[in-house]
Amino acid sequence: MTEIGTAMTDDEIIESVRHSLIVLGVGDIKRAYEGRSLVGAFTLCCCLLDSASGYCCNGNNFESFCVQFLHKVNRKYRQIQQLLYTALRNGLVHSHSPGIRLENGKIWRFALSTENPEKHLTKSEFGDQVEVFLNLDCFIADVEEAINRYFISVSDLKDPHRKRKHLLEHAKNVGWLKISREFEQQDCAGILLRGLVTGTGFPQDKQFVPQPTDATVFQRKKMEPEKKRKKKSQIPGFLLPKDE
């Protein structure tokens with residue numbers, strides 16, 4: 010970490026936002042999945058896309074971010090960007106379950122799964138219903154790749170689409186997630202607790218700017234020692250608990 014004064018450079022602001030979205034945001038999604046909070050992992054994916062869209066599109070334009078970046082990861086996303094927002098994002102965030110979308114006399118919905126990655130983003134029709142299969146491993150990887158592609162576009166100093174300018178304006182207005190400190194303390198029963206204190210970073214604050222790093226480098230101390238064997242998931246560097 011590099012200590013800075015009250016004024017942050019544009020590059021430092023961009024790196025702080027990237028750290029917030031990739032290292033903290035994607036890291037939280039993978040930890041949710043590792044803890045088998047599957048609906049929670051899907052929900053956090055939607056929240057992260059929402060957050061990224063604010064920096065990217067000069068406002069919370071979820072669908073625009075999906076068209077510009079998720080579509081580049083997999084072209085099938087362009088066909089369902091409205092379904093992602095109205096059914097998946099709104100349903101999970103507001104009702105803790107995926108919703109539906111009515112379109113051209115059809116009822117569109119998602120089937121969320123941790124199985125059959127080969128079926129990811131495929132459609133099945135049953136009468137007046139259309140079901141889009143969404144595999145969680147694939148979705149997490151797609152969201153992470155889309156955000157990485159966004160930051161590659163921001164690094165273009167010519168900035169033909171003003172993405173860099175939009176990011177800096179949004180960061181100065183709303184800030185970004187940061188870790189204020191890590192802590193270790195004992196509770197009343199003498200159990201050692203480890204955790205993080207988070208806050209909001211702003212360009213004018215005196216703070217620490219994270220150095221460029223890959224999300225795979227970021228590690229948190231485990232709350233408990235390992236008790237079970239682990240098996241590899243479909244995401245490189247990501248582990249799932251062994252089935253009972």
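Counting with the working numbering, you get residues 10 to 253 for the letters of the sequence shown. Virtual Cβ for every residue (Gly too), placed ideally from N, Cα, C.
Three-state secondary structure assigned by DSSP to residue i
i: residue 120; result: strand
i: residue 184; result: coil
i: residue 111; result: strand
i: residue 167; result: coil
i: residue 208; result: strand
i: residue 229; result: The pLDDT assigned to residue 229 is 33, lower than 50, so where the model puts this residue is not dependable; a value taken from the coordinates is nonetheless given after this. The answer is coil: DSSP assigns residue 229 none of H, G, I, E or B.
Nearest neighbour of residue i, chosen from the options [CA to CA]
i: residue 119; options: 125, 137 and 143; result: 143
i: residue 47; options: 108, 101, 155 and 22; result: 101
i: residue 173; options: 40, 55, 59 and 63; result: 63
i: residue 122; options: 110, 116, 60 and 140; result: 140
Element boundaries [alpha helix (DSSP H), containing residue i]
i: residue 163; result: 145 to 163
i: residue 39; result: 36 to 43
i: residue 51; result: 47 to 65
i: residue 104; result: 99 to 104
i: residue 25; result: 19 to 27
Burial state of residue i (16 or more Cβ within 10 Å)
i: residue 38; result: buried
Same chain, Cβ closer than 8 Å to residue i, neighbours up to 5 away in sequence not counted
i: residue 57; result: 30, 34, 35, 38, 152 and 156
i: residue 158; result: 78, 81 and 82
i: residue 175; result: 64, 65, 66 and 67
Sequence-distant residues of the same chain with beta carbon closer than 7 Å to residue i, five excluded per side
i: residue 73; result: 62 and 66
i: residue 16; result: none
Opening and closing residue of the beta strand (DSSP E) in which residue i lies
i: residue 71; result: Here residue 71 belongs to no beta strand (DSSP E); instead the alpha helix (DSSP H) covers 71 to 74.
Cβ shell of residue i (< 6 Å), same chain only, five flanking positions each side left out
i: residue 227; result: Confidence is the limiting factor: at residue 227 the pLDDT is only 32, short of 50, which leaves the residue's position unreliable, though a coordinate-based value still follows. Excluding sequence neighbours, residue 227 sits near 32 and 36.
i: residue 209; result: 184
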